[in-house]
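In this note's numbering, the protein residues as written are 2 to 308. Every residue, glycine too, gets a C-beta built ideally from N, C-alpha and C.
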């Protein structure tokens, strides 16, 4: 399996979910082995941020990547679309400090990528493959990572709301399944939280056009839900974006319960801090020859792998 990039550049603009300001994004083709690179406009010129677990500088309401001189927020939906459509190399130019929220899902990013077209490059795709089971949990949140030739996610959420409650969804990623089953799921929130956030200068770009909003009884949006279980599907979308901040795309089977941006990033930091224990970096044509996985390891949060 070869690496990919875009055939041509595409662009879009919209409001930032948290700033409420207009922002513009351009996706450009990139050579093999480039990966995903963010080029950010700052007062001192353009600065580059490469996604890494340690470059996640904020997880409140969204995932923010940054360095000392530049940052960009709400990257998870775009990163999820790049993972879901299997785009390995792209330059993301951003004018502003957020990725446009658009409709609150990844559907527009899927449209943009398909409009640009996908070019196959003459280099093998490399992945970070989970090589032994890792159980990572804290305060009711849990991520179990298991070996798997591909990306599979079983997700569970539980919200004390009459129209949400407990939802489960199982998903194995391909460009087709991502486009049809995950990409259209929108971010969601609760009216009481939205009112508090906006009074305190947060979520200023949030509206019924880019989020599913619940009051005490049901959905406020006049069009209703896109899926009966849209909320757990969106959590899978977020998780796919949040685990796309490693040096390589991850292959594995993930069982996730009640997680969020902050816990997802804690998991990624732990995983890559202990990559010799849990990750195998391989070219995909070598997958069939990999050795059998060793026995599972249970590792609570904060406990070193060697313990």
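Those residues which DSSP pairs with residue i across a bridge
i: residue 174; result: Its beta-bridge partners do not exist; DSSP assigns none.
i: residue 259; result: Answer is none; residue 259 lacks a bridge partner.
i: residue 264; result: According to DSSP, residue 264 bridges with nothing at all.
i: residue 26; result: 13 and 95
i: residue 169; result: 157
i: residue 281; result: 130
i: residue 254; result: 147 and 153
i: residue 32; result: Beta-bridge pairing links residue 32 to no other residue.
i: residue 48; result: 41
Beta-carbon gap between residue i and residue j smaller than 9 Å
i: residue 254; j: residue 153; result: yes
i: residue 11; j: residue 113; result: yes
i: residue 250; j: residue 128; result: yes
i: residue 205; j: residue 70; result: no
i: residue 4; j: residue 80; result: no
i: residue 103; j: residue 91; result: no
Inter-residue spacing [alpha-carbon to alpha-carbon] between residue i and residue j
i: residue 286; j: residue 124; result: 11 Å
i: residue 1; j: residue 58; result: The first residue shown for the chain is 2 and the last is 308, placing residue 1 beyond what the model contains.
i: residue 272; j: residue 155; result: 19 Å
i: residue 151; j: residue 177; result: 14 Å
i: residue 266; j: residue 54; result: 6 Å
i: residue 187; j: residue 133; result: 33 Å
i: residue 42; j: residue 49; result: 9 Å
i: residue 290; j: residue 76; result: With a pLDDT of 40 at residue 290, under the threshold of 50, the modelled position of that residue is not reliable, and no figure is offered here.
i: residue 227; j: residue 45; result: 43 Å
i: residue 183; j: residue 256; result: 16 Å
i: residue 96; j: residue 210; result: 22 Å
i: residue 165; j: residue 108; result: 22 Å
i: residue 237; j: residue 190; result: 16 Å
i: residue 298; j: residue 144; result: Summary for residue 298: the model assigns pLDDT 39, below 50, so the residue's position carries little reliability; its value from the coordinates is reported in the next sentence. So the two alpha carbons sit approximately 13 Å from each other.
i: residue 37; j: residue 87; result: 12 Å
i: residue 100; j: residue 239; result: 14 Å
i: residue 167; j: residue 33; result: 42 Å
Integer Cβ distance of residue i from residue j, believed to fall under 8 Å
i: residue 39; j: residue 73; result: 6 Å
i: residue 279; j: residue 131; result: 6 Å
i: residue 157; j: residue 6; result: Actually they do not touch by this definition, with Cβ atoms about 35 Å apart.
Limits of the alpha helix (DSSP H) - the one that residue i falls within
i: residue 234; result: 231–243
i: residue 180; result: Here residue 180 belongs to no alpha helix (DSSP H), and DSSP marks it neither H nor E.
i: residue 111; result: 108–117
i: residue 1; result: Any question about residue 1 goes unanswered here, given that the chain covers just 2 to 308.
Range covered by the beta strand (DSSP E) that runs through residue i
i: residue 224; result: It is not in any beta strand (DSSP E) - residue 224 carries neither H nor E in the DSSP assignment.
i: residue 41; result: 37–43
i: residue 3; result: 3–7
i: residue 190; result: 189–191
i: residue 185; result: From DSSP, residue 185 is part of no beta strand (DSSP E); its letter is neither H nor E.
i: residue 138; result: 135–139
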